[in-house]
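Trainee: So the sequence shown is residues 0 to 141, counted in numbering that gives the first Met the number 0. Below: one structure in structure tokens.
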Amino acid sequence: MVPLKADLVLGTQTAFRPDLLVLDQKQLVHEPLWHKEPVITLGSSIKLIVEVVSSNWQNDYARKTEDYALFGVPEYWIVDYLGLGGRDYIGNPKQPTLTICTLDGDKYQKQIFRHEEQLVSSIFPTLGLTANQIFAAGSVAS
0 MVPLKADLVL
10 GTQTAFRPDL
20 LVLDQKQLVH
30 EPLWHKEPVI
40 TLGSSIKLIV
50 EVVSSNWQND
60 YARKTEDYAL
70 FGVPEYWIVD
80 YLGLGGRDYI
90 GNPKQPTLTI
100 CTLDGDKYQK
110 QIFRHEEQLV
120 SSIFPTLGLT
130 ANQIFAAGSV
140 AS
């Protein structure tokens with residue numbers, strides 16, 4: 000299930016509104032606020048979070064990566080179609096990059112995809128898309 004918009008509340012001090020959130024519909028019965036408002040409070044309700052990098056790229060690559068891992072989000076995609084992220088995150092030369100973070104314990108294992116490299120996702124094992132196809136989909140939507 001992909002809601003139009005939803006807030007992700009991590010404890011009492013932190014909340015995010017991801018660009019894309021894929022939910023486990025079966026787990027939503029355990030969400031205390033979901034039947035009243037689009038608020039997710041349990042990591043088990045989430046299958047995937049996708050963030051599209053903007054000028055505030057540090058949040059997507061550092062803070063959200065740490066917070067989403069601690070919350071137990073199994074997979075987190077960072078779509079950096081403009082190559083804005085720091086060289087430590089996307090390499091040198093800077094170029095459009097899609098990073099798939101797969102939860103391993105309480106930390107993410109990261110895979111970087113560029114150009115025509117086919118994405119590898121534990122959530123969507125038969126996806127069959129390349130990084131460029133994801134980047135192109137964003138330009139069609141705008």
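Where a beta carbon is used, it is the ideal one built from N, C-alpha and C, also for glycine. Computed from a predicted structure; not experimentally measured.
#1: Should G71 and G42 be called a contact, given that it needs their Cβ atoms to be closer than 8 Å?
#2: Counting C-beta neighbours from all protein chains within 10 Å, is the total for V78 16 or more, i.e. buried, or is it exposed?
#3: Roughly how many whole angstroms lie between the Cα atoms of E74 and C100?
#4: Skipping 5 residues on each side, what residues in its chain have a beta carbon closer than 8 Å to that of H34?
#5: Compute the Euclidean distance between the alpha carbons of A136 and Q24, then round it to the nearest angstrom.
#6: Just checking my contact of P17 with L27 at CB under 8 Å: how many whole Å lie between their CB atoms?
#7: Y88 lies in the alpha helix (DSSP H); which residues open and close that run?
#8: CA-CA distance, E50 and F134?
Mentor: Judging by the given coordinates:
#1: yes
#2: buried
#3: Those two C-alpha atoms are separated by around 6 Å.
#4: none
#5: The alpha-carbon atoms of A136 and Q24 are separated by roughly 25 Å.
#6: Not confirmed; about 16 Å, so no contact.
#7: Where Y88 is concerned, the enclosing alpha helix (DSSP H) stretches over 86-89.
#8: 13 Å
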